[in-house]
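Data block below; observations after.
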Amino acid sequence: MTALLELRAVRRSFGQVEVLHGIDIALAPGEVHALIGENGAGKSTTMKIMSGYLAPTSGQVLLDGVPVTHADSQAAEAQGVVLIHQEFNLADRLTVEQNIFLGREKKRGPFLDKAAMRAEARALLDRLDCRVPVDARIADISNPDKQMVEIAKALQRDARVLIMDEPTAVLTTHEVDVLFGQIARLKAAGVAILFTSHKLDEVRRICDSLTIMRDGAVVAQGRVADYTEDAMAEAMVGRDVSSLYPARAVPVGSGIALRVQGLTVPGFADDVSFDLRQGEILGLAGLIGSGRTELMEGLVGLRAATGRIQIAGRDVSIRAPRDAQALGMCYLTEDRKSRGLLLSQGMRENLTLQCLGDFTNWLIDTRAEEQALTRAIAEFDIRAPSRGIAVGNLSGGNQQKLLIAKIMLAEPDIVIIDEPTRGIDIGTKQQIYEFIHALAAAGRSIIVISSEMQEIIGLADRALVMRSGRIMGEVARADMTEERIVRLAMGLQAEHAGTG
Amino acid sequence: MSSAERLERGWRPDLRVLGPLLALAALVLIGALLNGNFLSAGNITNVLSRSAFIGIIAVGMTFVITSGGLDLSVGSMAAFIAGLMILVMNALLPVLGAGWPLAIAGMATAIVAGTLAGMINGFLITTMRIEAFIVTLGTMGIYRSLVTWLADGGTLSLDFGMRTLIRPIYFNGILGISFPIIVFALVAICGEVVMRRAAFGRHAAAVGSNDRVARYSSVDVNRVRLTTYVFLGILVGIATIMYVPRLGAASSSTGVLWELEAIAAVIIGGTMLKGGFGRVWGTVVGVLILSLIDNILNLTDGVSPYLNGAIQGVIIILAVILQREKRAEG
Amino acid sequence: MSSAERLERGWRPDLRVLGPLLALAALVLIGALLNGNFLSAGNITNVLSRSAFIGIIAVGMTFVITSGGLDLSVGSMAAFIAGLMILVMNALLPVLGAGWPLAIAGMATAIVAGTLAGMINGFLITTMRIEAFIVTLGTMGIYRSLVTWLADGGTLSLDFGMRTLIRPIYFNGILGISFPIIVFALVAICGEVVMRRAAFGRHAAAVGSNDRVARYSSVDVNRVRLTTYVFLGILVGIATIMYVPRLGAASSSTGVLWELEAIAAVIIGGTMLKGGFGRVWGTVVGVLILSLIDNILNLTDGVSPYLNGAIQGVIIILAVILQREKRAEG
Amino acid sequence: QEDTKVIGVSIPAATHGWAGGMNFHAQQAVERLEEVYPQLDFVLATASDAGKQVNDIEDMIATRNIDALVVLPFESEPLTAPVQAVADSGAWVTVVDRGLSVEGIEDLYVAGDNAGFGRVSGEFMADALPDGGKIVALRGIPTTIDNERVEGFEAAIEGSGIEVLGMEHGNWNRDDSFTVMQDFLSKYDSIDAVWASDDDMAIGVLAAIEAAGREDIQFVLGGAGMKEMIARTRDNDPMVPANVTYPPAMIATAIELTAVGLTSTAPVSGEFTIGSVLVTPENAAEYYYPDSPF
Ligand SMILES: Nc1ncnc2c1ncn2[C@@H]1O[C@H](COP(=O)(O)OP(=O)(O)OP(=O)(O)O)[C@@H](O)[C@H]1O
Ligand SMILES: Nc1ncnc2c1ncn2[C@@H]1O[C@H](COP(=O)(O)OP(=O)(O)OP(=O)(O)O)[C@@H](O)[C@H]1O
Ligand SMILES: [Mg+2]
Ligand SMILES: [Mg+2]
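Protein chains in written order, with the numbering used here: chain A, 1 to 500; chain B, 1 to 330; chain C, 1 to 330; chain D, 1 to 294.
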């Protein structure tokens, strides 16, 4: 069987730094190939080279056994090689339909055939079970919907080789199922598929063969059937990561750190009340779109909200994030790209932006900033090819680590973490969980919003489940099961707010 | 509740759409109350005809701004093209005689010069990758200088016989609608159609919204950008064809500040200065608002003429208050 | 390999940094070759002193543009403040007498008026959420009108005795360096320090780069924006304090086109028009480039003065060619 | 009442000193005449370019039904056809300062004499520097007016041995002329006199000379009769030995004559040329108007 697309001894440097040291991968038609590895291992770079977005510094790209040099992504696309980017590649101020057909508009005579495009966009999205209106502007739709639009856009392109860079990072279980259905369909049609994910169970579920990368080199290649999840993880990280979630070392404190009563965020959350104890890790579960993000944004003053908030027993009024921060409460956004980091600026500037005051004594103490960056790099294992790199050029996972480091620099007593491990490799996940536990052990209180049930179950002392802007119920650590949470999230089982 | 459902939450009148229209309606009302002749056919024809210059240019500017660009040179460019057109016509007069062939030669000059001027701006901005603000500030100075130099510091005037011949291009019309109004309307309609119904309009918006995404989506970003400038240059040429018959002369003070007026009209009309979204009909409304302000100031006494600029400024700001963006959330 | 080891970076000459400096050096060389007096102390003092007005304003403009804003009103604002300062000083003359207390009252007027004018722009832009281009186009017209009205169309002149008293503010100096140069240098140094080393500069760049990220990072976006406009207003006030002593007069033609010059200087200096990155020293270089072009054109013969603007335009474009961005990749 | 007549006045905006003075006089005249002639209404519009001035005139006809137009054309050529249209509609037309490019349109022409302005200036210069000398000159905003003045000046100094070292545009603006003069002073080690051609520019030039401390320049000749400069001539300031008039008040004369023509049967049509006169310390007092802003 000849490979449809193949990389031979591909190297790639950015400036002085080489990030790929000779990669060989072959994609066969009708097969799903997994590319896994740590954050910054070079997966996205490899995929961009395959699809013409980047040129290899040396080595060959072969299509149907013939060496090709794609001048650009258009040339690759014309050959049927399509990439779904890890970071959204959509024009914010255009609509869903305009984005799907961007660059390949359907025309009737000199004019756009809008009706046909709308119908086809609708059909594509329906195939993905995505109900976002085709006229909505990208800026106004949710992250999961954006991902589905990306996928629809790729499907519209009639790919022979479909390369997907972490498509499931922002999707829910249901949407992942839909996507996998489509992948199966394409596979049956003989499309070669390359797939990346940090969720190894997904790799086991849909992939046939796999390549494992570490530090810009291939460390293992073979059939997925030959690997257990733990074996994959160990090959990626170079150590055993089977015990992902640490055990609770210090008991939850008794004091109430945060009391929320009747918090309403118009249009998103309605009359929400809960308590957060000192040293507690509170999980906030729910389906995507249940309003968890908006609720917490309302809590920290990023959105208009009404309700009563008490911190450490005192009534407080929070109108902007800086008010919350002054009270020791910080929120870490789920959207690192457009809300979390300044992509064109360096790591140092991003790290200290949130609490620049602490580094300023008349003037900014750059030396102290550099020290903080050195500490953050060590503590969160941020891997960057150079210290002065623009944050937009970091790998996705390393951006996420930097974002966590940025919030933690403010040393909040109450920290709300929205999707903390989105796009993070399994080794680093373990480190982040340990870090969260260490925070709790030090008496700080944490709210973790996560769409991964396992994460809530593994991490939280107690979980609240949200649906349609309301708290549907509370699950204690002892009886936390995936089924219990899902039933609440889907509204299949009503339950009175428990101990809170 | 899925986000899809959330988006369909009831229809509210969108101020960003209604805003400019409301402002225009308010101005018409004020004008009508101040002076009985305001709504007379004569006055309306005057106002619309003279809006045509800025209007035609502003339609092109809408595309440039939508695709994330800017052009400060249009006023000087118009002056230069007008001067060139007059020079060419005067030079050809002995050969072609004062007739329509000469007029057509003049028009061709204007269109060709506009196309070239647009190409130069576009080339420097796209291929040479220089900031549009700087390129067009530079060419603004260059064209202004050139027209002063061509006119030797004075005025370039069209031969008088020829002037009488082409006067109808501005002053006459079809069915009582003057040519500038007709041309402006045609340009606006074409512009609106291209913006909304042609691939080019979409591509311009995509380039202005995020040029990287556009590039990754097989849009030839440089070509789109270049085309917007060429398109604007051609429209400047067309505006000049309307302008020369009106005054029959060009000098260093021709077209001064047209660029600011055109940009202001575009923004008053709801196009985003940072690019990514453009609205041609809004631009037309913006142009009308600006022309009406001038007209209304001429209808009334009692205000020191020194303060005209202040009143204009206040009205421009008020017109835009109506359509400001929603407070950012989330 | 630990990540720390990976982190050194090699130094390459960066054209975006060197570009403006090279352009400036080229101009100085050309000037020196064309005219022997170019490098004389007198000429250098002249050029630097008269750069000071635009220079001081351009430093403020750097912050406004860095945070994603724009201010077209600075020229008119300067004219208005100059007029006001003269009126106040003339009015207080009988009370305070022609002495330093009166001069100080005049300066206080300028600073207060500048602060208020900046606050008005900033308020309309941030709290009222109106596009900066429109707000400042509006206030540009308003201030220009007001000064014309205050001067009754003519010129507001400072009392003669007072003029003699404050003349030294422009013409004298310390150790042979004139006050405008000293003030400009101080403003530039403070500006550079604030931009690079103070939290405010960081915040301005963050707001200009992505205001949503800034808001999520506890930055008070509106306050930062407002502050940039107020800061600019104060600097316009300071520039006016240098300006009035020079000729002791203000009229409707004072400060015309200063806004374009200031913005051009900022961009020539390498600050990005779309915000997110600013460089005060670059702005200073930009201002010097613009002043030198004028100076060199005046010192040389042979070119029709009508073409000065064209040469200016060409040089501005050339200066920026040196520092265009690398082609985007990946 | 029925026989109310409307006079439209269209003038360039106050963008430089002389135009400012002219605006002032126009407004004064309108205010005064509205008192004197209750049966007259005035419409005053100022324009920043020729196109805007044509708009103003169109508006006056379409909405204000003017019976007479007093116009100081921004430029002659572009205003000719529109003003002709006004005349053809039967309204009275008074043209001020700049003639139209077709003769016989106007009923009344109150003319300034730009060539004469240049000539008088040149003649003074030739008299003051009998042995010839080196001068620099500042020009106004590039316009036909400026060209006429400069041509008149150059013709008058021809053969007098006066050498014009350099000529640049000071745009009738104090700041610009200050800058230009500073650079002239750097460029030329010895200058005998300066023709500033306008009093605003003369003020800028004088400031530059004073700041440079140069003793070689004997005098600066401005023009247009700004009251401060007339006063300095009157007071025998050696640097300002003379002035050449170009009175902005001519607009007031024109408006007044038009008002008279419209309200009475007195014959006011024809051409009134307001010549440029040399002002010297001897006759300066006659040209000093303390109330004018210019
Ligand atoms: N444009 C660029 N300039 C400089 N360095 C870059 C650039 N793009 C990628 N890199 C570097 O190349 C390395 C590999 O990045 P890549 O995005 O391929 O990682 P990845 O395996 O996809 O990681 P993740 O799982 O976090 O997405 C990283 O160290 C990254 O910082
Ligand atoms: N209509 C909308 N307009 C703007 N942004 C939206 C809209 N709907 C969702 N988003 C954004 O998309 C993201 C997804 O949040 P969503 O409201 O769907 O709920 P959630 O419960 O927080 O789910 P999750 O955190 O798992 O994504 C948020 O950042 C939200 O701000
Ligand atoms: Mg990646
Ligand atoms: Mg969320």
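For each residue, glycine too, the CB sits at the ideal point set by N, CA and C.
Between the C-alpha atoms of T155 (chain B) and P73 (chain D), what's the straight-line distance to the nearest angstrom?
Each residue's CA atom was taken as its position, placing T155 (chain B) and P73 (chain D) some 13 angstroms apart.
Please report the distance separating the alpha-carbon of P305 (chain B) from that of R139 (chain D).
28 angstroms
Give me the subset of the region 42 to 57 of chain C whose CB atoms are less than 7 angstroms from a CB atom of chain D, sorted by chain position.
G42, N43, N46 and R50
Given that a residue counts as buried once 16 or more other Cβ atoms are within 10 Å of its Cβ, and exposed if not, what is D175 (chain D)?
buried
C-beta contact flag for K187 (chain D) and N308 (chain C) at 8 angstroms:
no
Helix, strand or coil at K274 (chain B) [DSSP, three-state]
coil
Would you verify that the beta carbon of Q53 (chain D) is, or is not, closer than 8 angstroms to some beta carbon of chain C?
no
Per DSSP, what kind of secondary structure is N243 (chain D) in: helix, strand or coil?
strand
Excluding five sequence neighbours on each side, which residues of the same chain lie with their C-beta closer than 7 angstroms to the C-beta of P289 (chain A)?
Residue identity differs from the one stated: residue 289 (chain A) is Gly in this sequence, not Pro. Excluding residues within five positions, the ones whose Cβ falls inside 7 angstroms are S142.
Can you list, in chain order, every residue whose CB sits closer than 5 angstroms to a heavy atom of ligand 1?
A:F14, A:V19, A:N39, A:G40, A:A41, A:G42, A:K43, A:S44, A:T45, A:P385, A:N393, A:L394, A:S395, A:G396, A:G397 and C:G330
How would you list, in chain order, the residues of chain B whose beta-carbon sits under 7 angstroms from the beta-carbon of A62 (chain D)?
Result: N37, S40, G42, N43 and N46.
Can you tell me the Cβ-Cβ gap for L108 (chain D) and V83 (chain D), rounded? I've got them flagged as a contact below 8 angstroms.
Not really, about 12 angstroms apart at Cβ, beyond 8 angstroms.
Taking a cut of 9 angstroms between CB atoms, which residues from the region 300 to 317 of chain C lie near chain D?
T300, D301, P305, Y306 and N308
Can you give me the start and stop residues for the beta strand (DSSP E) that P306 (chain D) sits inside?
Nothing about residue 306 (chain D) can be reported from this structure: the residues present for chain D run from 1 to 294 only.
I want to see whether chain C comes within less than 8 angstroms of V43 (chain D), judged by CB atoms only; does it?
Output row for V43 (chain D): interface = no.
Considering only the alpha carbon of each residue, which of A:N99, A:C130 and A:G181 lies closest to R157 (chain A)?
A:N99
Can you name the start and end residues of the beta strand (DSSP E) that V30 (chain D) belongs to?
That residue, V30 (chain D), is in no beta strand (DSSP E); its alpha helix (DSSP H) goes G17 to V36.
Sort A:V219, A:Q430, A:M164 and A:S450 by Cα distance to L186 (chain A) and report the nearest one.
Selected option, being the one with the closest Cα: A:M164.
Step through the CB atoms of chain A and report whether any lies within less than 8 angstroms of the CB of G10 (chain B).
With a pLDDT of 42 at G10 (chain B), under the threshold of 50, the modelled position of that residue is not reliable, and no figure is offered here.
Classify G498 (chain A) as helix, strand or coil using the three-state DSSP reduction.
In this predicted model, G498 (chain A) has a pLDDT of only 42, less than 50, meaning its place in the structure is not dependable; the value taken from the coordinates is given anyway. Of the three classes helix, strand and coil, the one that applies to G498 (chain A) here is coil, per DSSP.
Is there a Cβ from chain B that is less than 8 angstroms from the Cβ of A91 (chain A)?
Taking a beta-carbon distance threshold of 8 angstroms, A91 (chain A) counts as an interface residue toward chain B.
Candidates D:T245, D:D216, D:T4 and D:L44: which alpha carbon is nearest V136 (chain D)'s?
D:D216
Cβ separation of G141 (chain B) and G286 (chain C), assumed to be a contact under 8 angstroms, to the nearest whole Å:
Actually they do not touch by this definition, with Cβ atoms about 15 angstroms apart.
Quick check on E282 (chain D): buried or exposed, where buried means 16 or more other Cβ atoms within 10 Å of its Cβ?
When all chains shown are included, E282 (chain D) counts as exposed.
Out of A:E349, A:T264 and A:I404, point me to the one whose CA is closest to S468 (chain A)'s CA.
A:T264
Tell me, please, which residues DSSP counts as bridged to K134 (chain D).
D:E163
DSSP three-state call for C190 (chain B): helix, strand or coil?
C190 (chain B) sits in a helix when the DSSP states are folded into three classes.
What are the start and end residues of the alpha helix (DSSP H) that includes Y143 (chain B)?
A132 to L150
Going by the DSSP bridge assignment, what does Y331 (chain A) pair with across the sheet?
A:I416
9 angstroms Cβ cut-off: residues of chain C touching G340 (chain A):
V213, Y216 and S217
Cβ-Cβ separation, V279 (chain D) to Y287 (chain D) (assumed contact under 8 angstroms), whole Å
5 angstroms
Taking the alpha-carbon positions, what's the A78 (chain B) to R11 (chain A) distance?
53 angstroms
Cβ atoms of S51 (chain A) and V81 (chain A): under 8 angstroms apart, would you say?
yes
On the three-state DSSP scale, how would you describe L221 (chain D)?
L221 (chain D): strand per DSSP, three-state reduction.
Which term fits H203 (chain C), buried or exposed, when burial requires 16 or more other beta carbons within 10 angstroms of its beta carbon?
buried
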